[in-house]
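Reviewing the structure listed below.
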């Protein structure tokens, strides 16, 4: 039996939510790392506002960098998405169902092709056997 908290849901749901949040944070940290590497390599100019926001993460602002009129790094710090919202859950379920349907259809197609090849082999070897051993065929 799981520990139940009426305000936050089950313990496993809370852990799942935290894990999803950490994955989002990990992705953001990878983007920051990529940006800083490009600045260090001289591929991007130094933007002191971005460096300031990276150094002081308690300041939650959206920062946008425009380089050659292309968004290179859309947001340095942003709020994590609400993975518990009904819209997100529904969209995730639809996308997962679509992906699994493609996998299922691919598996069915492979199975049908394998069965066709098996039948073709059976027919081929039956005919070959009849030509090689006509006395054994009635």
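Residue numbers (our numbering): 10 to 147.
A virtual CB, placed ideally from N, CA and C, is assigned to each residue, including glycine.
This one's a predicted model, so the numbers in the text were calculated from it and none came from an experiment.
| Asked | Found |
| --- | --- |
| Should residue 132 be labelled buried (16 or more other beta-carbon atoms within 10 Å of its own) or exposed? | exposed |
| What did DSSP end up calling residue 25 once you bin it into helix, strand or coil? | helix |
| On the criterion of 16 or more Cβ atoms from any shown chain inside 10 Å, does residue 113 qualify as buried, or is it exposed? | exposed |
| Between which two residues does the alpha helix (DSSP H) harbouring residue 122 extend? | 95 to 141 |
| What is the DSSP secondary structure of residue 36, counted as helix, strand or coil? | helix |
| Could you say which of 41, 50, 52, 49 lies nearest to residue 59 if we only look at CA atoms? | 41 |
| Can you have a look at residue 61 and say buried or exposed, based on whether 16 or more other CB atoms are within 10 angstroms of its CB? | exposed |
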